[in-house]
Amino acid sequence: MEIPKTYDKNREAQIYERWEKSGYFRADARSEKTPYTVMIPPPNITDKLHMGHALNNTIQDIMVRFKRMNGYEALWVPGTDHAAISTEVVVMKELAKQGITKETLGREGFLEKLWEWNEIYGGKIISQLKTLGSSCDWDRQRFTMDDGLSDAVLEAFVRLYEEGKIYRGERLVNWCIKCGTSISDAEVEHEDRQGHLYYFKYPVAGTSDFIPFATSRPETMLGDTAIAVSPKDERYAHLIGKTAIIPVADNREIPIIADHYVEPEFGTGAVKITPAHDPNDFEVGLRHKLPCINILNGDGTVNENGGKLCGMPREAAREKVIEAMTALGLYIKTDTITHAVGAHDRCDTIVEPLVRLQWFVKMDELAKPAIEALESGRLKFNRERFAKVYMNWLNNIRDWCISRQLWWGHRIPAYYCDCGHVMVQKTAPAACEKCGAASLAQDNDVLDTWFSSALWPFSTLGWPEKTPELEKFYPTDILVTAQDIIFFWVVRMVFMGEKFMGKTPFTHVLINGIVRDEQGRKMSKTLKNGIDPLEIIEEFGADVLRLMLVSGNAIDSDTRFFRERLEPARNFLNKLWNATRFVMMNLEGLGYRDCKIASLDGFGVEDRWILSRCASLTAEVTEKLETHEIGLAVQKIVDFIWDELCDWYVEMAKPRLYGRESEDSRRTAQITLCNVLNTAFKLLHPFCPFITEDLYLALGSTLGGASDGGELGETIMRSAWPAVSAELIDPSAEKAIERVKEAVRGIRAVRTEKQVPPSQKIAVVIVPADSQAKELFTSTKAALALLSGAGEVSVHEPSAAAPTGAVSVVASGATIYLPLDSLVDSEKERARLTKEKKRLEQEIERIDAKLGNEGFVAKAPQAIIEAEREKRGNFAAMLVKVEEELRGV
RNA sequence: GGGCGCAUAGCUCAGCUGGGAGAGCGCCUGCCUUACAAGCAGGAUGUCGGAGGUUCAAGUCCUUCUGCGCCCACCA
70 MEIPKTYDKN REAQIYERWE KSGYFRADAR SEKTPYTVMI PPPNITDKLH
120 MGHALNNTIQ DIMVRFKRMN GYEALWVPGT DHAAISTEVV VMKELAKQGI
170 TKETLGREGF LEKLWEWNEI YGGKIISQLK TLGSSCDWDR QRFTMDDGLS
220 DAVLEAFVRL YEEGKIYRGE RLVNWCIKCG TSISDAEVEH EDRQGHLYYF
270 KYPVAGTSDF IPFATSRPET MLGDTAIAVS PKDERYAHLI GKTAIIPVAD
320 NREIPIIADH YVEPEFGTGA VKITPAHDPN DFEVGLRHKL PCINILNGDG
370 TVNENGGKLC GMPREAAREK VIEAMTALGL YIKTDTITHA VGAHDRCDTI
420 VEPLVRLQWF VKMDELAKPA IEALESGRLK FNRERFAKVY MNWLNNIRDW
470 CISRQLWWGH RIPAYYCDCG HVMVQKTAPA ACEKCGAASL AQDNDVLDTW
520 FSSALWPFST LGWPEKTPEL EKFYPTDILV TAQDIIFFWV VRMVFMGEKF
570 MGKTPFTHVL INGIVRDEQG RKMSKTLKNG IDPLEIIEEF GADVLRLMLV
620 SGNAIDSDTR FFRERLEPAR NFLNKLWNAT RFVMMNLEGL GYRDCKIASL
670 DGFGVEDRWI LSRCASLTAE VTEKLETHEI GLAVQKIVDF IWDELCDWYV
720 EMAKPRLYGR ESEDSRRTAQ ITLCNVLNTA FKLLHPFCPF ITEDLYLALG
770 STLGGASDGG ELGETIMRSA WPAVSAELID PSAEKAIERV KEAVRGIRAV
820 RTEKQVPPSQ KIAVVIVPAD SQAKELFTST KAALALLSGA GEVSVHEPSA
870 AAPTGAVSVV ASGATIYLPL DSLVDSEKER ARLTKEKKRL EQEIERIDAK
920 LGNEGFVAKA PQAIIEAERE KRGNFAAMLV KVEEELRGV
């Protein structure tokens, strides 16, 4: 049988295609099995997927595949997000290259372009997810703007409106002058920037007095409607109630008021109040019933309220105001300060607070069940600190501005009549229900993209229809996402889920870290440091990428992407490939059609050892996956396969496989290898789905195409997860093999020290510590010989005398003699044994100190104390042997 | 202003509920041993950031300091 020496990664595509064709990814709403549901965080159709998506989707796939093999009706719903503003910006940029603007195309024409874009990028994303191996149920693929989800959005909007939880009002919103739309608080990024703090003074009407103040935005003087001072501030007490004059605004007079918002220590202790352009001032304005003068247009230019400055951009207007005030002798000074300014997260333009008529979701009542969900434990985060982030946001939540002055998105279902009546309903009304007029205008705005994603866990299952899917698969089990969208998305899904479904949309939130570049920077388009997952998959295969992404990192911490980190992953898969290849080459004459083990009769101690280790591994990996400790789970699998299985057991089995021992022993080695490999394939399958499928099927067909209820049958992904077989766990076999390993390591070390080449087979004499050890070394003689490069191994009686002219190695179960004749140098032997003696004495001393400590003996757990005593006994016995040897040298 | 994270071998990082410091890469030595040189065997390397504390026992828990990084926030 010809099997290539390395795994062919190009087979991944075929394997995926077969899975898809066979319907293995489908979940059935009518199944009797317990559901396990995961909703993909729908990637934005702005671009193809990046490395962060690769990690995020790998984690989801691991959980889904794990649960599917565990007998759950596992459903992973895939889909994409229209990403309102982000996509609109990207498409506008593309169109600009052709000299087209959205205005020239008109609303209809522009939306057509966006749907075309969606065809291309939505498709790319889906094909990337498939390349990665994602086992999504593609029959259920959704898009946030498809008909069903759009209907859900309308339904949610109308219901919230009817309950008074959505309202329209003039509020101060974050306005992006570049995008020409309002944005939510969450979309504003604060950063410290250098700026100026300008000091001016206004004359106080009817007096010769002036009131000084500081501002970082002088142009807003045009919209000032008061000057506020602290009620406790004696300096200005006499001015309260008087009016100040704004010379640059046609000498408009504004009241001087007292408000606790003012900090007397900052600036001059007096603050100009511009309710239309500052959130604090807006609040002050409400308290004092001040007028609100909006001085800016949506594009950032000064409007008609700015008088002579009308039409001027905000920066230019600022200069003009400063000039004018200086000319009037009302300028005092300028300080340089660093202060936090808000910028739009999509375009980095400084956000302008503006009063606008917008739609809002009233958050106070909606937030309560979301807070309660976490407090009651219905909702859990993988790390406590993420729960804190979630809580902090909810406890300080403000109303959510949901209207956006864009075209790409769900258009707000509000219809306006000239008579002033407003109708909010799912379908356009034929006429005004109040005055009967037929000419109605729909609201021009669309909804914040997160409004539709907030409904994702149930809108994807058919809500508001009562579908069997919704009944079966909601609520979902786990949400895997990154920390940066806890407020944007996680919080909102929770309160919408609580609101419309009466249930928390998921029980576990698994926050994964960010994939950074090798310098630890975030991968971004501007830095051009992004790495395309497809390129990596092309070169190494999806299994290698997946393995690398989840290895060697805690799931919640950020990880750096190095190409060098791919190699260990590739090497490991190559190791597994070759180990399997080796086993398959040695299966001749087995005569079994599967690899089940009914009884351990006739199995060697090394067989029982590896089966025991494999059973422990199964238990550990299962437990780690249940608790979402993915990195720890995969590490255990890799260590087991490479170290215990390949480096020890396979080597130990060789003499038996090569037919140098009995036919029965060969068969038990074969069956053990098949059994352990089969388990290893399954445990590794969620992480590396392709290679494990290939090997599982190859091993199955070598055994004769066994078909016993799916085992080694048609696909690994629908096979049963290995059962945790407690009966296979055998501490005595594990202890025994540890003794053999210790002996082998001792011999190898001596060989290296004496520079005996591997080709030189040396004789080994073993004097076991007791009769049990004698039996052990007798039965593993051939394996030990192979592992230590020995020509002949003879096991003597426990009481046998030491051979002369030999190097001795004292191990736990035996003293081993290597008759190396000419190589033996008694000086060196004495030194070596003395060193060993010292080491043992130190160990014993350390344990004695511990056991001599009253506190330890009184308070430490019994098992810990016992283990220390046992170790001491072992060291003491070895010390006696070493001293004996020392006397003989 | 508030909150959080990180600091462990030359590098990148594991180390879950406290019980004798680990992996990969790199480095040194020797090997093409009939599965694998993408490999095998042997080896060197750490006051687990500093200082206190709790405990029989601290990389692990508490306090504090230092240095990086992140998030939230309306000081004009």
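The first sequence maps to residues 70 to 958 in the numbering used here.
Built from N, CA and C at the ideal position, the CB exists for glycine as well.
Identity of the residues DSSP links to PRO324 by a beta bridge: Locating residue 324 in the first sequence gives position 255, counting from the first residue. The partner list for PRO324 (beta bridge, DSSP) reads THR312.
Under 8 Å, with one C-beta from each stretch per pair, do the region 121 to 130 and the region 811 to 824 reach the 3-pair mark? no
Beta strand (DSSP E) segment containing ASN374, residue limits: Taking the first sequence and counting its residues from 1, one reaches residue 374 at position 305. Looking at the DSSP string, ASN374 is not in any beta strand (DSSP E), and its letter there is neither H nor E.
So within the region 595 to 661, which uninterrupted alpha helix (DSSP H) runs reach at least 4 residues, ignoring any that extend past its ends? 602 to 609, 611 to 619, 635 to 654
Cβ shell of LEU509 (< 8 Å), same chain only, five flanking positions each side left out: Within the first sequence, numbered from 1, the residue matching residue 509 stands at position 440. Same-chain partners within the cutoff: TYR484, TYR485, CYS486, MET492, ALA497, PRO498, ALA500, CYS501.
Continuous beta strand (DSSP E) assignments of at least 3 residues falling wholly in the region 74 to 152: 104 to 108, 142 to 146
Residue nearest to SER522 in terms of C-alpha spacing, selected from GLU914, THR213, GLU373: Within the first sequence, the letter at position 453 stands for residue 522. Answer by Cα proximity: THR213.
Identify the continuous alpha helix (DSSP H) that holds ASP546 and give its terminal residues. Counting from 1 along the first sequence, the entry for residue 546 is found at position 477. ASP546 -> not in any alpha helix (DSSP H); beta strand (DSSP E) instead, spanning 545 to 551.
Assuming GLN197 is part of the alpha helix (DSSP H), what are its boundary residues? The residue given as residue 197 occupies position 128 in the first sequence. Counting along the chain, the alpha helix (DSSP H) containing GLN197 begins and ends at 171 to 201.
Entirely enclosed alpha helix (DSSP H) segments - the region 793 to 873, minimum 4 residues: 800 to 822, 840 to 848, 850 to 857
Rounding to the nearest angstrom, what Cα-Cα distance links GLY354 and GLY264 in this structure? Start at 1 with the first residue of the first sequence, and residue 354 comes out as number 285. Start at 1 with the first residue of the first sequence, and residue 264 comes out as number 195. Distance between the alpha carbons of GLY354 and GLY264: 26 Å.
Give me the Cβ distance between ASP130 and SER204, rounded to the nearest whole Å; I'm assuming they're in contact under 8 Å. Here residue 130 corresponds to residue number 61 of the first sequence, with the count starting at 1. Here residue 204 corresponds to residue number 135 of the first sequence, with the count starting at 1. Contact holds; Cβ gap of about 6 Å.
Using only CA atoms, which one of ALA507, ARG99, HIS119, ASP97 lies nearest to LEU603? Taking the first residue of the first sequence as position 1, residue 603 is located at position 534. If we check each option's Cα against that of LEU603, HIS119 comes out closest.
What does the alpha-carbon distance come out to for the pair GLU803 and LYS904? One-based indexing of the first sequence puts residue 803 at position 734. One-based indexing of the first sequence puts residue 904 at position 835. Going from the Cα of GLU803 to the Cα of LYS904 covers about 28 Å.
Assuming MET570 and PHE630 form a contact by the criterion Cβ under 8 Å, report the distance between their Cβ atoms to the nearest whole angstrom. Mapped onto the first sequence, residue 570 falls at position 501. Mapped onto the first sequence, residue 630 falls at position 561. About 38 Å separates the two Cβ atoms, so there is no contact after all.
Buried or exposed: where does TRP184 fall if 16 or more other Cβ atoms within 10 Å of its Cβ makes it buried? Position 115 of the first sequence, counting from 1, holds the residue named residue 184. Classification of TRP184: exposed, given that the 10 Å Cβ count is below 16.
Given LEU49 as reference, the closest of GLY249, PRO360, PHE335 once Cα atoms are compared: Look at the range of the chain in this structure, 70 to 958, and you will see that residue 49 is not part of it.
Beta-carbon gap between PRO300 and ASP328 smaller than 9 Å: What you label residue 300 is simply residue 231 of the first sequence in a count that begins at 1. What you label residue 328 is simply residue 259 of the first sequence in a count that begins at 1. Taking 9 Å as the Cβ cut-off, PRO300 and ASP328 qualify as a contacting pair.
Reduced DSSP secondary structure (H/G/I, E/B, other) of LYS503: To locate residue 503, count along the first sequence from 1; it is residue 434. The answer is coil: DSSP assigns LYS503 none of H, G, I, E or B.
Thinking just about the alpha-carbon of each residue, which of ASN451, TYR459, ASN647, ARG639 is nearest to the one in GLY582? The residue labelled residue 582 in the question sits at position 513 within the first sequence. Among ASN451, TYR459, ASN647, ARG639, the Cα nearest to that of GLY582 is on ASN451.
Nearest by alpha-carbon distance to GLU692: which of ARG387, PRO791, LEU680, LYS402 is it? Counted from its first residue, the first sequence places residue 692 at position 623. It is PRO791 whose Cα lies nearest to the Cα of GLU692.
Start and end residues, alpha helix (DSSP H) containing ARG997: Not covered by the structure: residue 997. The range shown for the chain is 70 to 958.
Per DSSP, what kind of secondary structure is ASP777 in: helix, strand or coil? Residue 777 sits at position 708 when you count from the first residue of the first sequence. Residue placement at ASP777 is poorly supported in this model, since its pLDDT is 45, which falls under 50; the coordinates still yield a value, given next. Strand at ASP777.
Relative to the C-alpha of TYR543, which residue among ALA82, TRP532, ILE309 is closest? As a working note, residue 543 is residue 474 in the first sequence. Among ALA82, TRP532, ILE309, the Cα nearest to that of TYR543 is on TRP532.
Quick one: what's got a C-beta closer than 6 Å to SER42's C-beta in the same chain, skipping five residues either side? Outside the modelled stretch of the chain, which goes from 70 to 958, sits residue 42, for which no answer is possible.
How do the region 681 to 691 and the region 606 to 622 stand: do at least 3 beta-carbon pairs fall below 8 Å, yes or no? no
Reference ILE835; option with closest CA among GLY858, ILE916, GLN841, HIS865: Position 766 of the first sequence, counted from the start, is the residue given in the question as residue 835. The candidate whose alpha carbon is nearest that of ILE835 is HIS865.
Using DSSP's beta-bridge definition, name the partner residues of GLN427. Working through the first sequence from its first residue, we reach residue 427 at position 358. Bridge partners of GLN427: GLY238.
Quick check on the DSSP output: the alpha helix (DSSP H) that includes ASP676 runs from which residue to which? One-based indexing of the first sequence puts residue 676 at position 607. First-last of the alpha helix (DSSP H) with ASP676: 674 to 695.
When you compare the CB positions of ASP733 and GLY671, do they come within less than 9 Å of one another, or not? Reading the first sequence from its first residue, position 664 is the one you call residue 733. Reading the first sequence from its first residue, position 602 is the one you call residue 671. For ASP733 and GLY671, yes; Cβs fall inside 9 Å.
Taking 8 Å as the cut-off, does the CB of PHE269 come closer than this to any heavy atom belonging to the ligand MG? The model on display carries no ligand, and the ligand MG is accordingly not part of it.
Just list the beta strand (DSSP E) runs in the region 434 to 519, keeping only unbroken ones of 3 residues or longer that don't cross its boundaries, in chain order. 483 to 486, 491 to 493, 509 to 511
Beta-carbon separation (whole angstroms), LEU448 vs VAL273, contact threshold 8 Å: Residue 448 sits at position 379 when you count from the first residue of the first sequence. Residue 273 sits at position 204 when you count from the first residue of the first sequence. Wrong, their Cβ atoms sit about 57 Å apart, outside the cutoff.
Is VAL160 near LYS182, with beta carbons less than 9 Å apart? Taking the first residue of the first sequence as position 1, residue 160 is located at position 91. Taking the first residue of the first sequence as position 1, residue 182 is located at position 113. Yes.
Pair within 9 Å by beta-carbon distance, ARG736 and LEU659: Counting from one through the first sequence, the residue named residue 736 turns up at place 667. Counting from one through the first sequence, the residue named residue 659 turns up at place 590. Result yes, Cβ atoms of ARG736 and LEU659 sit closer than 9 Å.
I want to know whether the region 142 to 159 touches the region 465 to 477 - three or more CB-CB distances under 8 Å. yes
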